[in-house]
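For the record, the sequence lines run as chains A and B.
Reminder that position 250 of the first sequence reads as 249 in numbering that gives the first Met the number 0, one-by-one numbering, no gaps.
Reminder that position 356 of the second sequence reads as 355 in numbering that gives the first Met the number 0, one-by-one numbering, no gaps.
Glycine residues also receive a C-beta, built at the ideal position from the N, C-alpha and C atoms.
All figures in this text were calculated on a predicted structure; none of them were measured in a lab.
Reviewing the structure listed below.
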Amino acid sequence: MNRTTSLVLVIIAGILGTIFSFWFGLNNHLLPEQASMQAPLVDDLFNVMVVIGTALFILTEGLIVYSMIRFRQPPGDETDGADIEGNLPLEIVWTAIPAVIVIGIGVYSVEVYEDMGGLHLASPPGHMHVQQPESPGTEMAGMDSAAMAAMPPGSAMAATMSADMAKAAPVIPLPEAKEQIASSYYGIGNRLSDEADEIDLTVNVTGMQFAWLFEYPDLGITVGELHLPVGRRVRLQMKAVDVIHSFWVPQFRLKQDVIPGEETRLQFVATLPGTYPVFCAELCGSYHGSMRTQTIVHSDEDYAEWVKTSQVAAKPSKVPMTVAQLSDEEYLAPYAQEIGLNAETLPKPSTRSF
Amino acid sequence: MTQTNPRVIAQPTPPPPEIEEVPSYRMWKWYDYFTFNVDHKLIGIQYIVMGFIFYLVGGAMAIAMRTELRTPDPDFVDPSLYNALLTNHGTVMIFLWVIPTTIGGFGNYFIPLMIGARDMAFPKLNALAFWLNPPAALLLAVSFIYGGAQAGWTSYPPLSEITAPQAQVLWVAALILIGTSSIMGSLNFLVTIWKMRVPSLPLLKMPLFCWSIIAAAVIALIGTPPLTIGLLLLTFDILFGTSFYKPDAGGTVVLYQHLFWFYSHPAVYLMVLPVFGVMSEVIPVYARKPIFGYTAIAYSSLAISFVGLFVWVHHMFTSGTAPWMRMFFTVSTLLVAIPTGVKIFSWVATLWQGKIRYTSAMLFAVGLLSMFVFGGITGVTLAAVPFDLHVHDSYYIVGHFHYVLFGGSVFGIYAGVYHWFPKMTGRFLDERLGKIHFVMTFFGTHLTFLPMHNLGLSGMPRRIAMYDPQFQALNQLCTWGAYLLALSIVPFYFNVIYSWIKGKRSSGNPWNALTLEWTTDSPPMIENWEVLPVVTTGPYDYGKDRQEEVRQTD
């Protein structure tokens, strides 16, 4: 085989390897569905790393396999191989190229992390993507995540964020800022300012051996499954009562340890209605594996429905134990709205004995 | 020993006085191996044999766990016992198998031989370091009376303080003993390599195994004390009611994680660097070529151990860590890929234009190379915080580090054993059994650990005895792989035991290698040489003009 033929073969192999790497990187389907604003960002990063990783893998393994076959000992040949002790340009190349690659991945990671809301200065990723309350739902959410995926990371978002930063920075007076930092929270989607209007829903999450508890302070609901409205900015304020737990919804691509003694937070926007598992990802005892529940992402209507039912269920005290002591009006008050019944529309007391 | 090797010429200076005291052909008896003996080779064998015993123990624990994971429900072992198994599997494999076998075993046996010394700098310290290990193992065994430590080998408080506390204290005591042993050993290696080389051996002519041991020893010396402190504070919390890690009494649980990982991430390099050294010894011998880029490989070991000291927070990306930390440690972790890549590429280039002998040692070395490429690439993905947030504490991690530690460290230990067995025992291992062993191990490793990446990506957390039924199919694949791996050790253990007794006799230099350990008998006499060797060639000068005469040895 002469030099030209081998060169051509190497080039063809290189092109095929590159094509395969791109194809595999973009079509690996290794990750579960994307159900949060952060998920497409993480997946893009992962896919880029898969492209690079596959290419490097094919190159290195190809060289190993080729060498093992091509340079195996000829039968009966007891002599040594070529006396090559090194090649400085080659060594510089294979130090420099990985260096460039890892620095690139590093920069990209930092950018994605900022877009996810990981840095204090960044606003929650949902900020510019708030959906109209009237028109959420599967299609909108699907479109939204597609739009997110199509967006080059860090372009429009970064611009918005720096504007936010500029706006936010002078608002905080110095001494107060110090206090804020002292009580700042670890997690994703942190902010120095806790302006209420930036968050649509706050849920207090408690991790304990071996269950999750979700408390909706504004709604007076406490449940064992996390119900979320699609397309809303959600903040989870997480605490552990006994040991370290870790809140993980694979479809959200988010994980945050829940630590005794300090509150951690996750802020995100769920983008795809559905039911997803919630796992505990930090070893927390014998039944660690069974510490799982689910999160249900509802459309707005379903969510409102759920809130209503849960509030009724959550307030059994509204059904008094001592019915006899209440007037009709008091007794019916909780149901007045639902069944359109009140003291006036009631039949005469005498018929009540029926 | 015969003086046929042209590289070994009598020293012009008067022979050292020990020579008269060395009885020429006295060998240690079998019972010497159970005593407090100061011979570095005997201690090396003690470490290796101990390591291979605990490999079986840790392996049995792994098989029990994989059997449990055939089904989603906890139906094979009790969940508490499962946690004790996963904790002790990690502990045993790290502290009683990989580290003792590579550093304690190969290091003790070959460092003095490679640098032309008669023993380690501090022989008694060396023996003491070894004899700290059996009591540690005993403590771990006793801990099972109290249910066994169940908080993972990481033993994060508060879990470790409230779950089986007696067992946890015994576990801490065991780790502190092993840590102390590690510090003693490391100090010994550094002094030995620094002060006891034969005068004709400059640092940059040393075999690369010596460089990797230097790098590992530095890590152990710097990292072990903080770990010991972290563990002591944990014990104080359990036994004496202090509150270093008790948040309700003013402590902080994340502090422990910093102290723990400051050692325990470098510990990963501690497990893999000596094996890199083994690679650099094995590959040139069987490729019959000089190692490609000696200096780059030597310094990249030091670079890995240096950068490796600044990457520990990547184990805590989802913990209570500030955003700047997450960023800083993303970048520092990514940097480790550069020196590691240099090594990988250098070994591949060493294969290029060689005349490769397909010995079992070479197969395991090249197997390691191919596994490590994969484990290294998945490692780079884990450095990126956004992605790590998803897969942290998932089976992706388990898959990744088993590729690095099983496909890396264990393959390296196998390569080293096949390579040096003739030197250590004077007998060859059976090559055919070796190849069967390799094929089973190679496929077993992929079958066991490759599906784990998939499991983790799709959402299976690690360290669980019960899991979501959607993960069952892949888990069964892993379990079958684990059974194959368990079977794969049968030809190996049989081979070792049989060959040690009845194997074909080996000469002093059966592989025509050039490093100093091959200039003496197999097995070497007590105190290694009658007359200390003089280094006349580089450690990897294959294919040079002088090769023809050199290979006339024996």
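- Task: Taking K422/B as part of the beta strand (DSSP E), name the residues at either end of that continuous run.
- Result: The sequence position of residue 422/B within the second sequence is 423, counting from 1. Careful: K422/B lies outside any beta strand (DSSP E), inside the alpha helix (DSSP H) at F410 to T424.
- Query: From G146/B to T447/B, what distance separates their C-alpha atoms?
  - Reply: Taking the second sequence and counting its residues from 1, one reaches residue 146/B at position 147. Taking the second sequence and counting its residues from 1, one reaches residue 447/B at position 448. Taking the straight line from one Cα to the other gives about 28 Å.
- Bridge partners - L235/A, DSSP secondary structure assignment: If you number the first sequence from 1, residue 235/A lands on position 236. Answer by DSSP bridge pairing, in chain order: V202/A and L265/A.
- Message: When you compare the CB of D76/A with every CB in chain B, is at least one pair closer than 8 Å?
- Response: What you label residue 76/A is simply residue 77 of the first sequence in a count that begins at 1. For D76/A, the answer is yes, since a Cβ of chain B falls inside 8 Å of its Cβ.
- Item | Same chain only: Cβ atoms within 7 Å of P246/B, ignoring 5 sequence neighbours per side | In the second sequence, residue 246/B corresponds to position 247, counting from 1. Counting only Cβ-Cβ distances below 7 Å, and skipping sequence neighbours, we find V252.
- Query: Is there a Cβ from chain A that is less than 8 Å from the Cβ of G542/B?
  - Reply: One-based indexing of the second sequence puts residue 542/B at position 543. Yes, its Cβ sits closer than 8 Å to a Cβ of chain A.
- Item | Neighbourhood of P164/B by C-beta distance below 6 Å, restricted to the same chain and skipping five residues each side | If you number the second sequence from 1, residue 164/B lands on position 165. Excluding positions up to five away in sequence, the list reads I237.
- Query: Could you give the distance in angstroms between the alpha-carbon of Y285/B and the alpha-carbon of I104/A?
  - Reply: Position 286 of the second sequence, counted from the first residue, corresponds to residue 285/B. Position 105 of the first sequence, counted from the first residue, corresponds to residue 104/A. Their Cα atoms are separated by approximately 37 Å.
- Item | Proximal chain A residues relative to N82/B, where beta-carbon distance stays under 8 Å | On the second sequence, position 83 is the one that residue 82/B refers to. Neighbours of N82/B on chain A, chain order: L282, G284, S285 and H287.
- Item | Cβ contact (3+ pairs, closer than 8 Å) linking the stretch 62-72 of chain B and the stretch 129-136 of chain B | no
- Task: May I have the straight-line CA-CA distance separating A120/B from M183/B, to the nearest angstrom?
- Result: Position 121 of the second sequence, counted from the start, is the residue given in the question as residue 120/B. Position 184 of the second sequence, counted from the start, is the residue given in the question as residue 183/B. Using only the alpha carbons, I get a separation of about 11 Å.
- Task: Along the alpha helix (DSSP H) that carries L282/A, what are the first and last residues, could you check?
- Result: Walking along the first sequence from the start, residue 282/A turns up at place 283. Taken as a continuous stretch (DSSP letters only), L282/A belongs to no alpha helix (DSSP H), as it is neither H nor E.
- Message: For S285/A and Y155/B, I'd like the C-alpha separation in whole angstroms.
- Response: Counting from 1 along the first sequence, the entry for residue 285/A is found at position 286. Counting from 1 along the second sequence, the entry for residue 155/B is found at position 156. Near 14 Å, if we compare the C-alpha coordinates of Y155/B and S285/A.
- Counting contacts by CB-CB distance shorter than 8 Å, is N4/B in contact with chain A? Position 5 of the second sequence holds residue 4/B. Any reading at N4/B needs caution, since the residue's pLDDT is 49, under 50, leaving its predicted position unreliable; the model's value is listed next. It does not: the Cβ of N4/B has no partner Cβ on chain A nearer than 8 Å.
- Item | Own chain partners of G222/B with C-beta closer than 7 Å, once the 5 adjacent residues on each side are dropped | Locating residue 222/B in the second sequence gives position 223, counting from the first residue. F261, Y262, P265 and A266, listed in sequence order.
- Message: What does the Cβ neighbour count give for R504/B, buried or exposed, with the cut at 16 atoms within 10 Å?
- Response: Position 505 of the second sequence, counted from the first residue, corresponds to residue 504/B. Looking at its Cβ environment, which holds fewer than 16 other Cβ atoms inside 10 Å, R504/B is exposed.
- Item | Neighbour-count burial assignment, P228/A, 16 or more Cβ in a 10 Å radius | Indexing the first sequence from 1 puts residue 228/A at position 229. Classification of P228/A: buried, given that the 10 Å Cβ count is 16 or more.
- Query: If you draw a straight line from the C-alpha of D76/A to the C-alpha of L362/B, how long is it?
  - Reply: Taking the first residue of the first sequence as position 1, residue 76/A is located at position 77. Taking the first residue of the second sequence as position 1, residue 362/B is located at position 363. One C-alpha to the other measures close to 19 Å.
- Could one say the Cβ of P276/A lies closer than 8 Å to chain B's Cβ atoms, at least one of them? Counting from 1 along the first sequence, the entry for residue 276/A is found at position 277. Yes, P276/A counts as interfacial toward chain B.
- Item | Limits of the unbroken alpha helix (DSSP H) element including H401/B | The residue labelled residue 401/B in the question sits at position 402 within the second sequence. Where H401/B is concerned, the enclosing alpha helix (DSSP H) stretches over Y394 to V403.
- Query: Name the chain A residues that come within less than 7 Å of Y466/B, Cβ to Cβ?
  - Reply: Counting from one through the second sequence, the residue named residue 466/B turns up at place 467. Going along chain A in sequence order, the residues near Y466/B (Cβ under 7 Å) are G288.
- Over what stretch of residues does the beta strand (DSSP E) that includes G103/A continue unbroken? One-based indexing of the first sequence puts residue 103/A at position 104. Per DSSP, G103/A belongs to no beta strand (DSSP E); it is in the alpha helix (DSSP H), L87 to D114.
- Message: Using a Cβ-Cβ cutoff of less than 6 Å, which residues in the same chain neighbour F420/B once the five nearest sequence positions on both sides are dropped?
- Response: Position 421 of the second sequence, counting from 1, holds the residue named residue 420/B. Here the set comprises L428.
- Bounding residues of the alpha helix (DSSP H) (the contiguous stretch that carries Y108/B): Locating residue 108/B in the second sequence gives position 109, counting from the first residue. Segment N107 to I114, the alpha helix (DSSP H) holding Y108/B.
- Query: Would you report the Cα separation of I500/B and E60/A, rounded to the nearest angstrom?
  - Reply: The residue given as residue 500/B occupies position 501 in the second sequence. The residue given as residue 60/A occupies position 61 in the first sequence. About 38 Å.
- Task: Examine chain A for any beta-carbon lying closer than 8 Å to the beta-carbon of G240/B, and answer yes or no.
- Result: In the second sequence, counting from the first residue as 1, residue 240/B sits at position 241. By this cut-off, G240/B is not an interface position.
- Mind pulling the chain A residues with CB within less than 8 Å of N453/B? By 1-based counting over the second sequence, the position of residue 453/B is 454. Neighbours of N453/B on chain A, chain order: L29.
- Local conformation of G229/B per DSSP, three classes: Here residue 229/B refers to the residue found at position 230 when the second sequence is read from its first residue. Looking at G229/B - three-state DSSP - the assignment turns out to be helix.
- Item | Span of the beta strand (DSSP E) around A210/A | As a first step, residue 210/A must be located in the first sequence, where it is residue number 211. It spans A210 to Y215 - the beta strand (DSSP E) in which A210/A sits, taken as one unbroken run.
- Item | Beta bridge counterpart(s) of P460/B as assigned by DSSP | Here residue 460/B refers to the residue found at position 461 of the second sequence. The partner list for P460/B (beta bridge, DSSP) reads S393/B.
- Where the stretch 54-65 of chain B meets chain A: residues whose CB sits under 9 Å from a CB there: none
- Item | Short CB-CB distance (under 8 Å) between W247/A and chain B | Taking the first sequence and counting its residues from 1, one reaches residue 247/A at position 248. Judged by the 8 Å Cβ criterion, W247/A is in contact with chain B.
- Task: Alpha carbon to alpha carbon, how far is H287/A from M115/A? Give it in angstroms, no decimals.
- Result: Translated into positions along the first sequence, residue 115/A becomes position 116. Translated into positions along the first sequence, residue 287/A becomes position 288. Looking at the two C-alpha atoms, the distance is approximately 28 Å.
- With DSSP as the reference, label L120/A as helix, strand or coil. As a working mapping, residue 120/A is identified with position 121 in the first sequence. Because L120/A sits at a pLDDT of 40, beneath the cut-off of 50, its placement in the model cannot be relied upon, and the following sentence gives the value as read from the coordinates. DSSP places L120/A in coil when its eight states are reduced to three.
- Query: Would you say F53/B and V91/B are within 8 Å of each other, going by their C-beta atoms?
  - Reply: Against the second sequence, residue 53/B aligns to sequence position 54. Against the second sequence, residue 91/B aligns to sequence position 92. In this structure, V91/B lies closer than 8 Å to F53/B by Cβ.
- Message: I'd like to check one pair, S108/A with A383/B: are the Cβ atoms closer than 8 Å?
- Response: Here residue 383/B refers to the residue found at position 384 when the second sequence is read from its first residue. Here residue 108/A refers to the residue found at position 109 when the first sequence is read from its first residue. Yes; because the gap between Cβ atoms is below 8 Å, this pair is in contact.
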